[in-house]
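For reference, the structure is listed below as structure tokens.
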Amino acid sequence: MTMPERDEPTGALVRPYAVTRGRTRPKLEIALEALVETTQRGRSGMGRGQGGSEHQYIAAMCDNGRVQSLAEIAARMQLPLGVARVIVADMASDGLVAVYEPTSLEDETDAVGTDLLERVLSGLRRL
Numbered sequence: 126m127t128m129p130e131r132d133e134p135t136g137a138l139v140r141p142y143a144v145t146r147g148r149t150r151p152k153l154e155i156a157l158e159a160l161v162e163t164t165q166r167g168r169s170g171m172g173r174g175q176g177g178s179e180h181q182y183i184a185a186m187c188d189n190g191r192v193q194s195l196a197e198i199a200a201r202m203q204l205p206l207g208v209a210r211v212i213v214a215d216m217a218s219d220g221l222v223a224v225y226e227p228t229s230l231e232d233e234t235d236a237v238g239t240d241l242l243e244r245v246l247s248g249l250r251r252l
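Below is the structure:
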């Protein structure tokens with residue numbers, strides 16, 4: 126009896142590397158809870174089929190007042206956070222999305238910061 130051959134790695138195993146062209150560092154640092162919104166340029170460019178399918182999905186997801194956090198984008202696309210960060214950073218540098226960073230915490234001595242935890246809790250409640 127022969128053992129069945131294993132399938133070639135596909136989907137999630139190969140895709141993140143291919144999507145980011147092997148890059149692991151984003152063009153700009155984006156916080157986990159940063160909010161992303163499609164810009165006018167993103168609406169018009171994505172409408173003409175520019176960008177990859179991931180770019181188009183993010184542009185549609187963050188359009189018409191549906192602002193999403195970087196964490197939500199990664200979760201909805203079922204991508205590792207680092208991959209989503211690289212894609213969104215690319216889109217932001219091309220002017221396709223606007224990224225709204227959270228305000229800096231005034232009390233830097235907090236290990237995590239209660240403001241951050243409250244924003245995460247608030248976001249979870251809205252889901």
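For the numbering used here, add 125 to where a residue sits in the sequence shown, where the first one is 1. Every residue, glycine too, gets a C-beta built ideally from N, C-alpha and C.
Sequence-distant residues of its chain with Cβ nearer than 6 Å to residue i (five each side left out)
| i | result |
| --- | --- |
| residue 224 | 155, 159, 161, 217 |
| residue 167 | 184, 221, 222 |
| residue 196 | 157 |
Contact set for residue i: own chain, Cβ-Cβ below 7 Å, skip 5 residues either direction
| i | result |
| --- | --- |
| residue 131 | Because residue 131 sits at a pLDDT of 45, beneath the cut-off of 50, its placement in the model cannot be relied upon, and the point is left open. |
| residue 198 | 161, 183, 186, 209, 213 |
| residue 152 | 214, 215, 218 |
| residue 226 | 156, 159 |
| residue 243 | none |
| residue 188 | 163, 168 |
| residue 200 | none |
Euclidean distance between Cα positions of residue i and residue j
| i | j | result |
| --- | --- | --- |
| residue 211 | residue 150 | 7 Å |
| residue 222 | residue 190 | 12 Å |
| residue 250 | residue 163 | 23 Å |
| residue 228 | residue 207 | 21 Å |
| residue 247 | residue 240 | 10 Å |
| residue 194 | residue 245 | 10 Å |
| residue 192 | residue 169 | 18 Å |
| residue 165 | residue 252 | 26 Å |
Top-ranked residue by Cα proximity to residue i, from the options
| i | options | result |
| --- | --- | --- |
| residue 202 | 194, 179, 243, 228 | 179 |
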